[in-house]
Amino acid sequence: MSQAAQKSLIYEGKAKRLYSTDDPNTVLIEYKDSFTAFNGEKRAEMSGKGRLNNLISSAIFDYLAKNGVPVHFIERVDEVRQLAARVKIFPLEVVVRNITTGSIVKRLGVAEGMKLPRSLMEFYYKDDALKDPLITEDHALLFGWAAEADLKTIKEITLRVNDLLKDFFESIDIMLVDFKLEFGRDNDGNLLLADEISPDTCRFWDVLTGDRLDKDRFRKNLGNVLDAYEEIWRRISRMGK
Ligand code: UDP
7 MSQAAQKSLI YEGKAKRLYS TDDPNTVLIE YKDSFTAFNG EKRAEMSGKG RLNNLISSAI
67 FDYLAKNGVP VHFIERVDEV RQLAARVKIF PLEVVVRNIT TGSIVKRLGV AEGMKLPRSL
127 MEFYYKDDAL KDPLITEDHA LLFGWAAEAD LKTIKEITLR VNDLLKDFFE SIDIMLVDFK
187 LEFGRDNDGN LLLADEISPD TCRFWDVLTG DRLDKDRFRK NLGNVLDAYE EIWRRISRMG
247 K
């Protein structure tokens, strides 16, 4: 366990709680057992979900850090908590799509399950009241949500993360369909990949069976939601063994 003692609650989100520590440069992130979808309209509690997302996200951030990606993640502290650099989050959600599904199919009427000739990157403005609208880079620049140099760095890191994660998941027979990233800036001004990377924020399809192993099981009432998260963790934890 790290030296950082948990102090007060800074923020409680839909899936995580954030606590200050005795170090102003770090936070403790606690993963909750809550599921939410459709901008918080659909909710459920499932015991053990927080643990699985903490284990999965920690393993993925470890792998990205080892491959030179600048990340907020420092270490996993226990089953449901991790220590991370304290960052100020850019109000942007960066989505990468390798295969079409979800909102792009609804919005543009394109076919479901199309493998894109190259990955597609999209930006959304993080605002619950506005339901996270799709924006262009120009919106982010003109409204001051990110500077030009920041967007350039964010795009470079995002493409690198996509390449690394595609390899990572391919090696455990999982297709990385799409995912969402968030970025922040630490107290020293470094731009870091932040938030979580888990079955809540990615779509994972089993290469062999096409089974959905992510939050779509909750969104679409497919059942066996936690079994899918457990299966992702089982494959990750056996990697290289
Ligand atoms: N995503 C996310 N948080 C959001 C919106 C999307 O983590 O607030 C993830 C989602 O799990 C999927 C990808 O980003 O892996 C693309 O989501 P999409 O735009 O298709 O939206 P959805 O269909 O989930 O509303």
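Numbering-wise, the sequence shown is residues 7 to 247 according to this note's numbering. Here a beta-carbon is modelled for each residue, glycine too, at the ideal position from N, C-alpha and C.
message: Taking the beta strand (DSSP E) that D156 belongs to, which residues open and close that run?
response: Here D156 belongs to no beta strand (DSSP E); instead the alpha helix (DSSP H) covers 154–176.
query: At which residues does the beta strand (DSSP E) containing N104 begin and terminate?
result: 98–105
According to DSSP, residues forming a beta bridge with W211: M181, R218
query: Can you find a C-beta in chain C that's less than 8 angstroms from the C-beta of K22?
result: In the displayed structure, chain C is absent; only one protein chain is listed.
- request: Would you be able to state if there are at least three C-beta pairs under 8 angstroms between the region 195–209 and the region 48–62?
  value: Verdict: yes, contact present.
- prompt: Grouping DSSP H, G and I as helix and E and B as strand, with all else coil, what is I141?
  reply: strand
Buried or exposed (CB count within 10 angstroms, at least 16 for buried), N168: buried
field: When G195, K221, K226, F149 are compared against V93, the one with the closest alpha-carbon
entry: G195
message: By the three-class DSSP mapping on this structure, what secondary structure does F67 have?
response: DSSP, reduced to helix, strand and coil, places F67 within a helical segment of the structure shown.
query: So K112 is in the alpha helix (DSSP H); what residue range does that whole segment cover?
result: 109–114
message: Let's test the definition: count the other Cβ atoms within 10 Å of the Cβ of A146 and tell me whether it reaches 16, buried, or not, exposed.
response: Counting the other Cβ atoms within 10 Å of the Cβ of A146 gives 16 or more, which makes it buried.
message: Going by DSSP in three states, F129 sits in which element: helix, strand or coil?
response: strand
- request: Check whether the Cβ of E162 lies closer than 7 angstroms to any heavy atom of the ligand UDP, and answer yes or no.
  value: no
message: Using 8 angstroms as the threshold, is the C-beta distance between M120 and T142 below it?
response: The answer is no: Cβ separation not under 8 angstroms.
task: Return the chain-ordered list of same chain residues with a C-beta closer than 7 angstroms to the C-beta of G190, the five sequence neighbours on each side being excluded.
output: H78, V93, K94, I95, F96, L198, A200
message: Taking 8 angstroms as the cut-off, does the region 98–105 touch the region 31–42 (at least 3 CB pairs, one atom from each stretch)?
response: Contact between the region 31–42 and the region 98–105 is absent: fewer than 3 CB-CB pairs across the two stretches fall below 8 angstroms.
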